[in-house]
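Working notes, structure below.
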Amino acid sequence: LATLPNFDPNNPGAAPADARRNRMLTDVAEPGSTFKIVVVSSALNEGIVELSDTFDCEHGRFHFAGRVLHDHESYGVLSVENIITKSSNIGAAKIGIRLGENRLHDYIRNYGFGTRTGLPLPGEVSGIVHPVKNWSKVSIAQIPMGHGVAVTGLQMMMAMCAIANKGVLMRPMLVDRLEDPDPRLADRDRKVVAKYPPQRVRQVISESAAQQMVKALKTVVSPEGTAPKAALAHYSAAGKTGTAQKSGGPIGYLPGKYFASFIGFFPADGPEVCISVMMDEPKQGYYGGQIAAPVFKQIAENLANYL
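Just so you know, we're using this note's numbering here: the sequence shown kicks off at 454 and counts up by one.
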């Protein structure tokens, strides 16, 4: 907030309305490739694919339902794991087609998309998840790559946390405990008045499917993945990049305007921290692996040192 024009730190309530928006709760956007974790984890959970199964990614051009879907590079045959590693749109689309409309929709809702989280902060929206009856013929191929749905940053973060948390979706928390505010007492001597335990929402995917997803997401930060710049010096990390062109509503997509993101967690096999980096209309490039991943690395390493 302090970087915004006309912001008075002594009177934050006087900040412009835009500055008071909690964008993680109030803003929605197409998530782009971070959403691939939903379709791949769902297919793994249903047992219709394994990480070693392969799909022909058509060298970057896939004709489906009268449309041509594209990859950012020309990929041939990729395994399911490498579809995550390389972030293939066509691979994700073909997995979605195999999963089917109804199952994909059910998993999207089970992950919490299209529903408010219930976090006690003002302005939270539910996002946009259309019922299957309103899907177009191409939706089953576009939604797996993160188009045709609108999500909040918190919803996308919670989905990644569910995978890190052995497939269990948790309710987000703001307060761990309330302590006696007596200023005469040292922190260690303050009495805990109330303790708020973690709240489980549901088991979205099995622990086995979650473990397979973590294995795939670890490859994203490898030299072969889309986010080698997110790799940490002393910890294993896992995550997913996202690059989504901004929607202008009825006028279609806005040329040259993008959301870039990286959502990751560490240590990968015993996660303690999940970090989401989202950039709105970045100026120095727009691929999540190029510009959001290095920010994740910087935050993660500083945070790890602090903890």
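Each residue gets a CB set at the ideal place from its N, CA and C atoms; glycine is no exception. Note that the structure is a prediction, hence the values are computed from the model and not measured.
Restricted to the segment 569 to 649, the beta strand (DSSP E) segments that are unbroken, complete and at least 3 residues in length are 621 to 623, 630 to 632 and 645 to 648, listed in chain order.
Exclusion of the five residues before and after Y740 leaves T696 as the residues of its chain whose Cβ lies within less than 6 Å of its Cβ. Going by C-alpha positions, F566 is about 17 Å away from S729. By the beta-carbon neighbour count (other beta carbons within 10 angstroms, threshold 16), Q665 is buried. Counting C-beta atoms within 10 angstroms of its own C-beta, S540 has 16 or more neighbours from the protein chains shown and is therefore classed as buried. Between the segment 635 to 644 and the segment 501 to 508 there are fewer than three C-beta pairs closer than 8 Å, too few to call the two in contact. Under the DSSP assignment, F488 falls outside any alpha helix (DSSP H); it carries neither an H nor an E label. The Cβ-Cβ distance between A617 and L497 does not fall below 8 Å. Taken atom to atom, the span from the alpha-carbon of V521 to that of G549 is near 16 Å. Considering only Y528, R474, G485 and G742, the residue with the shortest C-alpha distance to A680 is G742. When secondary structure is reduced to three states using DSSP, I752 falls in the helix class. In the three-state DSSP reduction, D509 falls in the strand class (E or B).
Sequence-distant partners of K710 (beyond 5 residues in either direction) whose C-beta falls short of 6 Å from its own C-beta, in its chain, are K699 and E734.
Rounded to the nearest angstrom, the Cβ distance from I744 to M732 is 6 Å, consistent with a contact under 8 Å. Comparing alpha-carbon positions, the option among V578, R514 and H600 lying closest to W588 turns out to be H600. The Cβ neighbour count for P625, taken over all protein chains shown within 10 Å, is at least 16; the residue is labelled buried.
When secondary structure is reduced to three states using DSSP, D733 falls in the strand class.
Comparing alpha carbon positions, the residue from Y649, E632 and K648 closest to D642 is E632. Under the DSSP assignment, H687 falls outside any beta strand (DSSP E); it carries neither an H nor an E label. By the neighbour-count criterion, in which 16 or more other beta carbons inside 10 Å mark a residue as buried, L627 falls on the exposed side. Residue environment for D722: exposed (fewer than 16 other C-beta atoms within 10 angstroms of its C-beta).
Counting C-beta atoms within 10 angstroms of its own C-beta, L707 has fewer than 16 neighbours from the protein chains shown and is therefore classed as exposed.
DSSP, reduced to helix, strand and coil, places S700 within a strand of the structure shown. Separation of L760 and D506 (C-alpha to C-alpha, rounded to the nearest whole angstrom) is 39 Å. For P720, the three-state secondary structure derived from DSSP is coil. Under the DSSP assignment, H525 falls outside any alpha helix (DSSP H); it carries neither an H nor an E label. Assignment of R562 by DSSP, reduced to helix, strand and coil, places it in the helix class. One Cα belongs to D524, the other to N542, and the distance between them is close to 5 Å.
Beta-bridge pairing by DSSP links R655 to L622.
In this structure, the alpha-carbon of P747 lies about 5 Å from that of A683. Around I593, the same chain offers G549, I550 and E554 as residues with beta carbons nearer than 6 Å, after the five sequence neighbours per side are excluded.
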